[in-house]
Structures are given as structure tokens and as C-alpha cells.
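Using the working numbering, read the sequence shown as starting at 3 and increasing by one per residue.
Cβ atoms here follow ideal geometry from the backbone N, Cα and C, with glycine treated the same way.
Structure first, commentary second.
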Amino acid sequence: MTRALQTISVGLLVTSLYLALYLQLIPLPELVQTEIVPVLPFWALVSFGAYLLFRLGWNVMTFHDVPEAHKELTAEIEMAKADLRRLGVDVD
Numbered sequence: 003m004t005r006a007l008q009t010i011s012v013g014l015l016v017t018s019l020y021l022a023l024y025l026q027l028i029p030l031p032e033l034v035q036t037e038i039v040p041v042l043p044f045w046a047l048v049s050f051g052a053y054l055l056f057r058l059g060w061n062v063m064t065f066h067d068v069p070e071a072h073k074e075l076t077a078e079i080e081m082a083k084a085d086l087r088r089l090g091v092d093v094d
């Protein structure tokens, strides 16, 4: 099973479970049905956003400088400039 098919399957499963809860096909106490179930999608969206922000912050905080990659990128830029100059393009 491909990653996309797996993601779609999980999404459909979660959506169908939520619809079963929202349409009261699965019996729940009245308080849960009226107060919690309607806001579950918003709660999930906010939680997912918080998780992504945490991951972004963590990756920025633990980012390591890579001097070799900087040297390689600079060399590739100089090669591209040389090729463009050879073709008659002003790159400075």
C-alpha cells in the first residue's frame, strides 16, 4: 500500500468515525454529544497546528551548520556564473 493510499484510508476512517459520532449513530452521554463532539474537528486542527509549530521550532533550534555544504553551494554558484558568462549573460 502506498503512503498516499494509506493516508487517504486513515483520513476516511477518522471522518467516518466522526460522522457516526456527530449523527448520533454511536450513543454517547448528552453532555458529550452536545458540548464535545461538535468541536472535535477544531480541536484536532489546533492540536495538529501546535504539533507542527513545535516540530518547526525544534528543528530550527537543533539545526546544525554544514560548512561543507556551504563550500559546495558556493562552488556551484561560481560554476553557474562562469557558464552564464561564457554564454554572454551579465551576472554581476
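C-alpha distance - residue i paired with residue j, whole-angstrom precision
| i | j | result |
| --- | --- | --- |
| PHE44 | ASN61 | 26 Å |
| ASP85 | VAL68 | 26 Å |
| LEU23 | ILE38 | 10 Å |
| ALA82 | ILE10 | 42 Å |
| HIS46 | VAL16 | Here the sequence assigns Ala to residue 46, which means His is not the residue at that position. Going from the Cα of ALA46 to the Cα of VAL16 covers about 11 Å. |
| GLU70 | ILE79 | 14 Å |
| SER49 | LEU14 | 19 Å |
| THR76 | HIS66 | 18 Å |
| THR36 | LEU55 | 30 Å |
| MET63 | HIS72 | 19 Å |
| LEU2 | GLU74 | Outside the modelled stretch of the chain, which goes from 3 to 94, sits residue 2, for which no answer is possible. |
| GLN26 | TYR20 | 10 Å |
Extent of the continuous alpha helix (DSSP H) run through residue i
| i | result |
| --- | --- |
| GLN8 | 5 to 24 |
| GLY59 | 42 to 63 |
| PRO69 | 69 to 88 |
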